[in-house]
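Working notes for the structure below.
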Amino acid sequence: MFEEIPVEIGLVHEGERIRKSNMHCELGGPGIKEKFELVRVCQAETIVHGKISIIGPDLPDIPASSSQPFAILVEIAGEGLDSDIEGVLERRIHEYCNYIQGFMHLNQRYDIWCRLSTQAWNKGFRTLRYIGEVLIALLCSELPLIKSAQVTFFTDPVEIHKRYDDALAIYESRDARARGLHDEDVDVFYGCALCQSFAPTHVCVITPERYANCGAISWFDGRAAARIDPKGPIFAIEKGVCIDPVLGEYSGVNESARDRSMGEVTRVCLYSAYTWPHTSCGCFEGIAFFIPEVEGYGIVHRGFQEVTVNGLPFSTMADSTAGGRQVAGFHGISIEYLRSGKFLAAEGGYARVVWMPESLKEKIYSFIPAELCDVIPTEASVTSINELREFLKKNNHPVIQYWNSSEINNNESEERAGSGNNPVFTFKELPFTGNGIKITLKNAKIYAEKVIIEPVRQKRSDKGDNHE
Ligand code: SF4
Numbered sequence: 076m077f078e079e080i081p082v083e084i085g086l087v088h089e090g091e092r093i094r095k096s097n098m099h100c101e102l103g104g105p106g107i108k109e110k111f112e113l114v115r116v117c118q119a120e121t122i123v124h125g126k127i128s129i130i131g132p133d134l135p136d137i138p139a140s141s142s143q144p145f146a147i148l149v150e151i152a153g154e155g156l157d158s159d160i161e162g163v164l165e166r167r168i169h170e171y172c173n174y175i176q177g178f179m180h181l182n183q184r185y186d187i188w189c190r191l192s193t194q195a196w197n198k199g200f201r202t203l204r205y206i207g208e209v210l211i212a213l214l215c216s217e218l219p220l221i222k223s224a225q226v227t228f229f230t231d232p233v234e235i236h237k238r239y240d241d242a243l244a245i246y247e248s249r250d251a252r253a254r255g256l257h258d259e260d261v262d263v264f265y266g267c268a269l270c271q272s273f274a275p276t277h278v279c280v281i282t283p284e285r286y287a288n289c290g291a292i293s294w295f296d297g298r299a300a301a302r303i304d305p306k307g308p309i310f311a312i313e314k315g316v317c318i319d320p321v322l323g324e325y326s327g328v329n330e331s332a333r334d335r336s337m338g339e340v341t342r343v344c345l346y347s348a349y350t351w352p353h354t355s356c357g358c359f360e361g362i363a364f365f366i367p368e369v370e371g372y373g374i375v376h377r378g379f380q381e382v383t384v385n386g387l388p389f390s391t392m393a394d395s396t397a398g399g400r401q402v403a404g405f406h407g408i409s410i411e412y413l414r415s416g417k418f419l420a421a422e423g424g425y426a427r428v429v430w431m432p433e434s435l436k437e438k439i440y441s442f443i444p445a446e447l448c449d450v451i452p453t454e455a456s457v458t459s460i461n462e463l464r465e466f467l468k469k470n471n472h473p474v475i476q477y478w479n480s481s482e483i484n485n486n487e488s489e490e491r492a493g494s495g496n497n498p499v500f501t502f503k504e505l506p507f508t509g510n511g512i513k514i515t516l517k518n519a520k521i522y523a524e525k526v527i528i529e530p531v532r533q534k535r536s537d538k539g540d541n542h543e
C-alpha cells in the first residue's frame, strides 16, 4: 500500500520513542506556543480526495535539530458522517502517525508534539506528504463511512496563527456539549484502549463527568465512535451496579478494567486520585499530585514549564504517573475534568486543591467554587511547601481541617493503595528528603550494583557557628 514511502508502516512501530539525540527535527512540542490538529467533516464537493497540501516549509527546508511550528488539518466527507465524530478521528491521527517507522506523535489537540528520527531522514523520509498519504489511506480503509479525505499541513507560523483561535473555539464547543449531563443520567460509559500500545494495562473510562485523560474524547464522542466502529478501540461499558457513589466505583467498570488489563487492574474509582484511582497512560493533559505536608492536592498542566510548588516539574511527575498504573496520589487528568462536578469528589473536590499554575487557574476560574478562588495559591504567591503551608493557614483554606487527622489518613491511605500484605515504605522512613512527595513502593524489587552508607557531615556554613 505504501511502496513509495521509504520506511515501514505498521502497528509494530506504535510506541516507538524518539529521543532528542536521535531526532532529525521536531514539529510542535513544548517549545512551540501555537500548534494544533483538527479533523473536520465537510461537504463532499468541497474536498479533493487524496489532496495533500503543505503551507510553509517542507522537511528539507526545516533546519536539522530545530523545532518547527506545526498544524494538521484533515478534512473528510461521507454520507452518515457528522461533526460528532471529529474528536474521535483526531485520536486516529495520533494512532496512524505512530504506525510510521521513525515518526513519533505525542499528545493531542493544541498540545501536539512530533519528531522525525535521523534514521528515517537518512532513509529518504524527506516530505510531510508521506504522512498525509498514510492518514488518508488508513482513515478511508479502516472507516468505510469516510469516502473522501484531504490533508493540509501548516508549518508557517503566520498561517497557523490565523487559524489557531478557531481551532480552540471548536475544541471548546465540543467540550461544552457534555457539560450538564451527569454520570447518573446514563446507563453506559465508554472505554478507550487506544493508548495500550504505550501503556498496556490502561483503559480510559469516559463518562459524562469524567472526560478522557487526553482531553480529546467526551462521552458523546465515545458514543459516536462505538456506533460507527463497534470493533474499534472505543467501546461501550455497561455501568452495572453503583458500588460507591462518592468514590465513583461501578461493577461494570471494574469488570471491564479487569478484562482489558488482563487482570492487572481489578478496581477503578472514577472520582478518586488516591483510592484505586483511574489508570494514567501518558497522554494526560494534567496531573493531580498529593502534597503530604499539607494533605492537599496540587494540579499542574503539561504546558507549565517551571517547577511546581513541591520542587518538581510536570515532566518528572509525569514519569511517576504514566504507564497505565494506578499510583495513589499521582493522577493523570484532562483539563475538562477540572470543570466537572465530580472532580476529585472522593477527596473533597476543590476543597482539597492547594496549588495550581496561574495560567491554568485563569482557564478554569469560573468552575472553581467562588469561595475558594482566592485561597488556592499559584506560583505567583508561593514557591515552596513552607510558603504554601503559611498561605493556607493565613487564608483559612478548608484543607486545614484535615491536618489534625493526618496520621489517621496516612494509615488509611496505605491500606487503600492496595498494598495487601506487602510492606509500604515512605520517604519519611528513609534517609532521603521527601521534597514534597510521597512514594509508595507496591510489590517492588529494587536492585543496586552498590549501596554506599555514610554519615552526613554538616557543612560549616550550615552550622551557624562563625567562630569555629
Ligand atoms: S488518553 Fe484515553 S481516551 Fe485518549 S486516546 Fe488514550 S486511551 Fe483513548
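Quick note: to get our numbering, add 75 to the position in the sequence shown (first position is 1). Backbone N, C-alpha and C define an ideal beta-carbon position, used for all residues, glycine too. All values derive from a computational prediction rather than experimental measurement.
Residues passing the C-beta test against the ligand SF4 heavy atoms, cut-off 6 angstroms: Per the Cβ criterion, the list is R166, C267, L269, C270, C279, A287, N288, C289, A291, I292, C356 and C358.
Does the beta-carbon of E165 have 16 or more other beta-carbons within 10 angstroms, so that it is buried, or is it exposed? Result: buried.
What are the start and end residues of the alpha helix (DSSP H) that includes T396? Residues F389 to T396.
Can T227 and D133 be called in contact, C-beta distance under 8 angstroms? The Cβ-Cβ distance between T227 and D133 does not fall below 8 angstroms.
Is the region 398-408 close to the region 424-437, with three or more CB pairs under 8 angstroms? Contact fails: fewer than three Cβ-Cβ distances are below 8 angstroms.
Are the beta-carbon atoms of E454 and E381 separated by less than 8 angstroms? In contact: E454 and E381 (Cβ atoms closer than 8 angstroms).
So for D319, helix, strand or coil by DSSP? Of the three classes helix, strand and coil, the one that applies to D319 here is strand, per DSSP.
Would you report the Cα separation of Y185 and S142, rounded to the nearest angstrom? Going from the Cα of Y185 to the Cα of S142 covers about 15 angstroms.
Nearest candidate by alpha-carbon position, reference K587, set L148, D258 and L218: The structure shown does not extend to residue 587, since the chain is modelled only from 76 to 543, so the question has no answer here.
Which stretch, first to last residue, makes up the beta strand (DSSP E) that contains V263? Taken as a continuous stretch (DSSP letters only), the beta strand (DSSP E) holding V263 covers V263 to C267.
Rounded C-alpha distance that separates D260 from E161: Each residue's CA atom was taken as its position, placing D260 and E161 some 24 angstroms apart.
Give a yes or no on whether the C-beta atoms belonging to D262 and S293 are separated by under 8 angstroms. No, they are not a contact pair.
Three-state secondary structure (DSSP) of H353: Three-state DSSP puts H353 in coil, outside helix and strand.
Given a cut-off of 8 angstroms on the beta-carbon distance, is the pair F418 and N385 in contact? Against a cut-off of 8 angstroms, the Cβ pair of N385 and F418 comes out as no contact.
For K559, count the other beta carbons within 10 Å of its own beta carbon; 16 or more makes it buried, fewer makes it exposed. Which is it? The structure shown does not extend to residue 559, since the chain is modelled only from 76 to 543, so the question has no answer here.
E462 - DSSP class collapsed to helix/strand/coil: Shown here, E462 sits in a helix according to DSSP, grouped into three states.
Per-residue DSSP class, three states only, for R491: Because R491 carries a pLDDT of 46, less than 50, the predicted location of this residue cannot be relied on, and no value is offered for it.
Run through the DSSP bridge pairs and tell me what V428 is partnered with. DSSP lists Y372 as partners of V428.
Helix, strand or coil for L181, going by three-state DSSP, please let me know. If DSSP states are grouped into helix, strand and coil, L181 belongs with the strands.
Span separating the alpha-carbon of A345 from that of C289: Here residue 345 is Leu; the residue named in the question, Ala, does not match the sequence. Answer to the nearest angstrom: the Cα atoms are 15 angstroms apart.
For E101, which residues from the same chain have a beta carbon less than 6 angstroms from its beta carbon, with the 5 sequence-adjacent residues on both sides left out? Cβ neighbours of E101 beyond the five flanking positions: S142 and R190.
Hey, how far is the Cα of C358 from the Cα of Y325? One alpha carbon belongs to C358, the other to Y325, and they sit about 24 angstroms apart.
Assuming H124 contacts Q225 (C-beta within less than 8 angstroms), just tell me the rounded distance between them. The pair is a contact, with the Cβ atoms about 7 angstroms apart (cut-off 8 angstroms).
Within 8 angstroms, strictly: CB atoms of F559 and R252: Residue 559 cannot be examined here, being either before or after the span of the chain that is shown, 76 to 543.
Assign I281 to one of three DSSP states: helix, strand, or coil. I281: strand per DSSP, three-state reduction.
Which residues DSSP lists as bridging L435, in chain order: L435 has no beta-bridge partner at all, per DSSP.
Quick check on R238 - is its C-beta less than 8 angstroms from some C-beta in chain D? Absent from the structure: chain D. Only one protein chain is present.
From the DSSP secondary-structure annotation, give me the bridge partner or partners of R115. Paired residues: E150.
How is the beta strand (DSSP E) around W188 delimited, first residue to last? Element bounds for W188: W188 to S192.
With a CB to CB cut of under 8 angstroms and the five nearest residues on each side skipped, what residues in its chain are close to L505? No answer about L505 holds up, because its pLDDT of 45 lies below 50 and its placement is not dependable.
Can you tell me whether G297 is helix, strand or coil according to DSSP? Looking at G297 - three-state DSSP - the assignment turns out to be helix.
Rank N97, V114 and I93 by C-alpha distance to the C-alpha of W188 and give the top, closest one. It is I93.
How close, in whole Å, do the beta carbons of G153 and I221 come, if the pair is a contact with beta carbons under 8 angstroms? That pair is a contact at about 5 angstroms.
Helix, strand or coil, according to DSSP, for Q225 in the structure here? DSSP, reduced to helix, strand and coil, places Q225 within a strand of the structure shown.
Mind checking whether E112 and I151 have CB atoms under 8 angstroms apart? Judged by their CB atoms, E112 and I151 are not nearer to each other than the 8 angstroms cut-off.
So K110 packs on I235, CB below 8 angstroms; how close in whole Å? Yes, they are in contact, since the Cβ atoms of K110 and I235 sit about 7 angstroms apart, within 8 angstroms.
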